[in-house]
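Visitor: In the numbering used here, the protein residues as written are 5 to 427.
We put the beta carbon where it would ideally sit given N, CA and C, even for glycine.
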């Protein structure tokens with residue numbers, strides 16, 4: 005029997021709560037495929053097992069929560085469904101009531117159970133009495149007993165023995181991408197932050213790394229954390245051991261060699277727009293149209309955005325462009341029916357202006373005014389800055405040989421789908 009590629013837990017609307025990828029072979033389309041399957045299929049036609057593009061999907065449903073296991077190999081479907089039911093039974097024993105809320109509140113222990121119940125995708129121990137020998141849960145706090153029972157395996161499948169590097173160092177990039185839709189009045193219609201802790205490890209031996217995060221972001225929405233921001237759709241690399249995260253925001257892991265994503269997450273909380281753009285049309289006639297554009301940055305002065313670009317829509321039939329900018333460069337791009345204002349470096353709390361003038365053909369096009377229905381699009385990248393406020397408190401490397409490793413941490417925030425409506 006082939007092993008599982010991953011186990012996923014979704015809420016009743018098909019949104020990912022958490023996942024454990026055992027083999028790093030899972031397609032990024034898995035979540036999308038399953039979401040579309042349960043949302044758009046008639047309930048009567050839903051099947052507990054289906055195949056899409058060579059990936060086998062097995063799932064069960066309980067109390068508004070979907071449990072999904074996938075594989076790209078020939079595997080025993082009945083055993084997989086049984087494993088999912090065992091997982092559900094274990095979670096009920098630990099949490100009493102299994103729901104999307106209880107899984108989010110007990111995020112850490114759910115991950116620990118997924119780690120211990122399967123090794124490299126092969127079910128190991130699903131017996132509650134065995135699991136409770138070393139994983140205990142009290143008031144949503146994980147207690148992990150040192151030393152697994154004899155029924156479990158300690159194999160570290162993601163890292164080989166005997167790795168050596170001349171220079172021992174590890175790099176962490178905290179990358180956040182902001183998707184936001186802003187109305188013409190400045191109100192936030194939609195905002196979402198996609199975050200990733202991306203690592204490059206060049207460490208000898210079998211090192212244990214400790215990563216401490218600040219309290220801006222938390223994984224359980226308890227009453228004590230009402231001022232903080234809760235993260236959703238968290239996905240962690242299989243190397244992560246979260247036994248201390250629930251108490252002091254420390255992530256323990258033995259990293260694979262090379263590049264990998266330690267953690268990805270999503271934030272849906274409203275954020276203040278990093279850039280605001282005001283576009284006004286004036287001196288309009290049958291043969292000419294003029295624009296005044298004003299933009300300002302709304303992040304701290306000490307931060308500087310790089311390679312900022314504003315794509316501002318114009319009528320499809322304009323010609324003879326003329327620009328005056330207070331900073332940067334401007335150009336007309338007829339292939340996208342927009343003028344592009346580029347600023348190489350944009351400091352926080354700064355304001356700049358641009359004026360543009362275009363000619364119009366004498367024969368008017370009925371669709372000429374449709375440009376106001378298109379949004380302004382903004383592109384940027386801000387180093388040493390995170391939109392959410394997430395920072396690392398420390399990154400430590402411990403290895404039995406005692407070598408000292410260099411640790412590097414970098415923060416980057418960048419635009420995703422950043423739109424400001426004109427009307």
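(1) Give a yes or no on contact between the segment 13 to 29 and the segment 39 to 58, applying the rule of three or more CB pairs nearer than 8 Å.
(2) Is residue 338 helix, strand or coil by DSSP?
(3) Start and end of the alpha helix (DSSP H) containing residue 210?
(4) By DSSP, does residue 2 sit in helix, in strand, or in coil?
(5) Beta-carbon separation of residue 27 and residue 125 under 8 Å?
(6) Measure the alpha-carbon distance for residue 59 versus residue 364 and round it to whole angstroms.
(7) Take every Cβ of the segment 193 to 208, pair it with every Cβ of the segment 371 to 384, and state whether three or more of those distances are shorter than 8 Å.
(8) Would you check if the distance between the CB atom of residue 409 and the CB atom of residue 207 is smaller than 8 Å?
(9) Could you please give the first and the last residue of the uninterrupted alpha helix (DSSP H) stretch that includes residue 11?
(10) CB-CB under 8 Å to residue 261, same chain, minus the five flanking residues each way: which ones, in chain order?
(11) Could you give the distance in angstroms between the alpha-carbon of residue 189 and the alpha-carbon of residue 416?
(12) For residue 24, does the count of other Cβ atoms within 10 angstroms reach 16, so buried, or fall short, so exposed?
(13) Assuming residue 398 is part of the beta strand (DSSP E), what are its boundary residues?
(14) Determine the closest residue to residue 401 out of 173, 423 and 351, with distance taken between C-alpha atoms.
(15) I'd like to confirm the pairing. Which residues does DSSP put opposite residue 90 in its beta bridges?
(16) Apply the 10 Å Cβ neighbour rule to residue 119 and answer buried if 16 or more other Cβ atoms are within range, or exposed otherwise.
(17) By the 10 Å Cβ neighbour count, where 16 or more other Cβ atoms means buried, how is residue 241 classified, buried or exposed?
(18) Please identify the residue among 79, 186, 62 and 11 whose C-alpha is closest to the C-alpha of residue 277.
Guide: In brief:
(1) yes
(2) The residue you call residue 338 lines up with position 334 of the chain shown. Of the three classes helix, strand and coil, the one that applies to residue 338 here is helix, per DSSP.
(3) Numbered from 1 along the chain shown, position 206 holds the residue referred to as residue 210. Where residue 210 is concerned, there is no enclosing alpha helix (DSSP H), given that its DSSP letter is neither H nor E.
(4) Here the chain comprises residues numbered 5 to 427, so residue 2 is not present and cannot be evaluated.
(5) The residue given as residue 27 occupies position 23 in the chain shown. The residue given as residue 125 occupies position 121 in the chain shown. Yes. Within cutoff.
(6) Taking the first residue of the chain shown as 1, we reach residue 59 at position 55. Taking the first residue of the chain shown as 1, we reach residue 364 at position 360. Straight-line Cα distance between these residues: approximately 54 Å.
(7) no
(8) Numbered from its first residue, the chain shown carries residue 409 at position 405. Numbered from its first residue, the chain shown carries residue 207 at position 203. It is a contact, given that the beta carbons lie within the stated cut-off.
(9) Here the question's residue 11 lines up with position 7 in the chain shown. From DSSP, residue 11 is part of no alpha helix (DSSP H) but of the beta strand (DSSP E) over 10 to 15.
(10) Residue 261 sits at position 257 when you count from the first residue of the chain shown. Correct list, in chain order: 163, 164, 167, 205, 206 and 207.
(11) Residue numbering aside, residue 189 sits at position 185 when the chain shown is read from its first letter. Residue numbering aside, residue 416 sits at position 412 when the chain shown is read from its first letter. Residue 189 and residue 416: Cα-Cα distance of roughly 28 Å.
(12) Position 20 of the chain shown, counted from the first residue, corresponds to residue 24. Buried, because 16 or more other Cβ atoms sit within 10 Å of the Cβ of residue 24.
(13) The residue you call residue 398 lines up with position 394 of the chain shown. It spans 396 to 402 - the beta strand (DSSP E) in which residue 398 sits, taken as one unbroken run.
(14) Walking along the chain shown from the start, residue 401 turns up at place 397. Ranking the options by Cα distance to residue 401, first place goes to 173.
(15) Here residue 90 corresponds to residue number 86 of the chain shown, with the count starting at 1. Residue 90 is not bridged to any residue.
(16) Here residue 119 corresponds to residue number 115 of the chain shown, with the count starting at 1. Label assigned to residue 119: buried.
(17) Taking the chain shown and counting its residues from 1, one reaches residue 241 at position 237. Answer is buried; the Cβ neighbour count reaches 16.
(18) For the purposes of this step, residue 277 is identified with residue 273 of the chain shown, where counting begins at 1. Cα-wise, what sits closest to residue 277 is 186.
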